[in-house]
Structure formats: structure tokens, C-alpha cells
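Inspection log for the structure reproduced underneath, given as C-alpha cells.
In our numbering, the protein residues as written are 60 to 275.
Here it is in C-alpha cells:
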């Protein structure tokens with residue numbers, strides 16, 4: 060059973076709030092009304108995405124017999140919030156720390172890659188659900204809301220997966236690349252394509268393409 064410490068719960072809540080506000084600001088582009096309307100949708104996407112990422116890394120760490128704990132990074136949270144005003148969120152809320160005297164690069168890499176992979180899977184599930192419920196949108200406001208959450212969830216999780224796989228300090232990409240460059244290249248290429256599609260095509264247009272492809 061995965062358990063969270065008191066400090067970890069606090070840090071996760073702080074990270075969730077900062078990420079939610081930051082992504083909402085980035086999408087609103089100084090429009091207060093847009094910020095208010097998009098914040099609840101972004102909060103769901105960020106909450107699920109962040110939790111899934113941490114659960115993924117904690118689960119793998121526990122599988123290898125290690126204790127792992129998420130810790131917020133104050134400077135990273137400040138960078139995350141400040142970057143929202145330029146339209147690109149540099150997501151640096153914190154990291155999952157694995158408590159071990161001696162941990163191999165392989166195990167460290169496997170733990171690290173679990174987070175971005177969890178976001179990648181969640182993004183794909185989100186776009187699949189959006190495509191499935193798209194025809195039902197006109198009949199229910201709740202389904203429309205779920206649809207919006209799923210399309211935002213695809214974009215947010217694609218971004219989180221790609222960003223965290225960048226081979227920079229504190230990010231998961233450094234550990235994965237140090238463990239296995241081939242695995243890093245393959246996974247990074249997949250999530251980068253997903254991110255570029257969400258930016259270039261848009262999640263809602265992707266849903267339409269999926270539906271058109273199925274109907275052919």
C-alpha cells in the first residue's frame with residue numbers, strides 16, 4: 060500500500076496549487092474571465108497528472124524496496140509561477156526523493172522514467188475518452204465538462220511528460236539518460252510528438268481526426 064507522510068501531503072498540495080494557477084495563467088493570457096473559467100478544468104488535469112506521476116515513481120521505488128517521498132522545491136515553485144506569465148510553464152515543483160545509501164543507475168533510471176511514462180499513458184487515456192464521448196457532448200453539460208477536462212488532460216500530461224524527460228538538472232531525464240540512452244530517446248520522442256501535436260493541431264482537432272479515422 061502506498062502511503063504519504065504528513066510533509067509529503069503538504070508539499071503535494073502546495074505543488075498542486077502552484078501548478079494549477081500557473082497553467083491557468085498561461086492559458087488565460089491576462090484575461091481574468093478566462094482564468095476563472097479554465098482554472099477548475101486545469102486543476103483536475105494537474106491534480107490527476109501530478110498524483111499519477113508521484114504514485115508511479117513511489118510504486119517503482121517501493122517495488123525495489125526503497126522508501127520514496129515527494130519534496131517541494133521552493134525556488135522551483137517560484138520559477139514555475141513566474142514562467143506562467145511568459146506563456147510557457149517551466150514545471151519545477153519538486154521531486155520524488157528515494158532514500159537509499161547506494162542505488163544503481165539502472166534502478167534510479169527505472170524509478171525516474173515511471174513518472175513521465177505515467178503522464179504519457181494518462182494523456183493517451185484522456186484523448187481516447189475524449190474521442191469516445193465527443194458524440195454525446197450535445198446531450199449533456201456534464202459530458203461536455205468531462206470532454207474539456209480530457210482534452211486539457213491530454214495537453215497538460217503531454218507537457219509534463221516531455222518537460223520532465225528533458226536531460227536537465229533535477230528533472231527525470233537526467234537519471235533516465237544516465238541509465239539507458241536508447242530508452243530515453245524512444246520515450247522522449249513519443250511524448251515530444253504528442254506535445255507538438257497538442258500545440259500544433261490542438262487536442263480538440265485531434266479528437267476529430269481520431270473520429271474521422273475510425274469512421275473511414
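Heads up, the beta-carbon is just placed ideally off N, CA and C, and yes, glycines get one too.
### Message
Which residue marks the beginning of the alpha helix (DSSP H) containing residue 206, and which one marks its end?
### Response
Sequence index remark: in the chain shown, residue 206 carries index 147 (1-based). Residue 206 -> alpha helix (DSSP H) spans 200-223.
#### Entry: Contact belief for residue 224 with residue 246 at Cβ below 8 Å, rounded distance in angstroms
In the chain shown, the residue the question calls residue 224 occupies position 165. In the chain shown, the residue the question calls residue 246 occupies position 187. Going by Cβ atoms, the distance from residue 224 to residue 246 rounds to 7 Å, so yes, they are a contact pair.
### Task
Please state whether DSSP places residue 155 in a helix, a strand or coil.
If you number the chain shown from 1, residue 155 lands on position 96. Note: residue 155 maps to strand in three-state DSSP.
### Query
How big is the Cα-Cα spacing for residue 201 and residue 241?
Counting from 1 along the chain shown, the entry for residue 201 is found at position 142. Counting from 1 along the chain shown, the entry for residue 241 is found at position 182. Their Cα atoms are separated by approximately 42 Å.
### Query
Just the Cα atoms here: how many angstroms apart are residue 256 and residue 130?
Locating residue 256 in the chain shown gives position 197, counting from the first residue. Locating residue 130 in the chain shown gives position 71, counting from the first residue. The straight-line gap from Cα to Cα measures roughly 32 Å.
### Message
Checking 7 Å against the spacing of the C-beta atoms, do residue 174 and residue 126 come in under that value?
### Response
By 1-based counting over the chain shown, the position of residue 174 is 115. By 1-based counting over the chain shown, the position of residue 126 is 67. In this structure, residue 126 does not lie closer than 7 Å to residue 174 by Cβ.
### Task
Note the first and the last residue of the continuous beta strand (DSSP E) segment covering residue 130.
Taking the chain shown and counting its residues from 1, one reaches residue 130 at position 71. In this chain, the beta strand (DSSP E) harbouring residue 130 covers 126-131.
### Task
Report yes if the CB atom of residue 179 is closer than 7 Å to the CB atom of residue 233, and no otherwise.
In the chain shown, the residue the question calls residue 179 occupies position 120. In the chain shown, the residue the question calls residue 233 occupies position 174. No, Cβ-Cβ distance for residue 179 and residue 233 is not below 7 Å.
### Message
Mapping the DSSP letters down to three states, classify residue 116 as helix, strand or coil.
### Response
Reading the chain shown from its first residue, position 57 is the one you call residue 116. Reduced to three states, the DSSP call for residue 116 is helix.
### Task
Report the option in 215, 254, 197 and 85 whose CA atom is closest to the CA atom of residue 144.
Residue mapping note: residue 144 aligns to position 85 of the chain shown, counting from 1. Ranking 215, 254, 197 and 85 by Cα distance to residue 144 puts 85 first.
### Task
To the nearest angstrom, report how far apart residue 83 and residue 122 are at their CA atoms.
Position 24 of the chain shown, counted from the start, is the residue given in the question as residue 83. Position 63 of the chain shown, counted from the start, is the residue given in the question as residue 122. Rounded to whole angstroms, the gap between the alpha carbons of residue 83 and residue 122 is 35 Å.
### Task
Report all residues from its chain with a CB closer than 6 Å to the CB of residue 93; omit the five preceding and five following residues, and keep chain order.
Within the chain shown, residue 93 is the residue found at index 34, counting from 1. Only 87 meet the Cβ criterion.
#### Entry: Where residue 281 sits in the DSSP three-state scheme
No information on residue 281 is available, as it lies outside the stretch 60 to 275 that the chain covers here.
### Query
In whole angstroms, what separates the C-alpha of residue 71 from that of residue 269?
Taking the first residue of the chain shown as 1, we reach residue 71 at position 12. Taking the first residue of the chain shown as 1, we reach residue 269 at position 210. Whole-angstrom Cα-Cα distance: 34 Å.
### Buried versus exposed, by CB contacts within 10 Å (16 or more), residue 141
Counting from one through the chain shown, the residue named residue 141 turns up at place 82. Exposed is the call here.
### Query
Near residue 61, what residues of its chain come up, given a Cβ to Cβ distance below 8 Å and the 5 sequence neighbours on each side ignored?
The residue given as residue 61 occupies position 2 in the chain shown. Excluding positions up to five away in sequence, the list reads 114, 117, 118 and 121.
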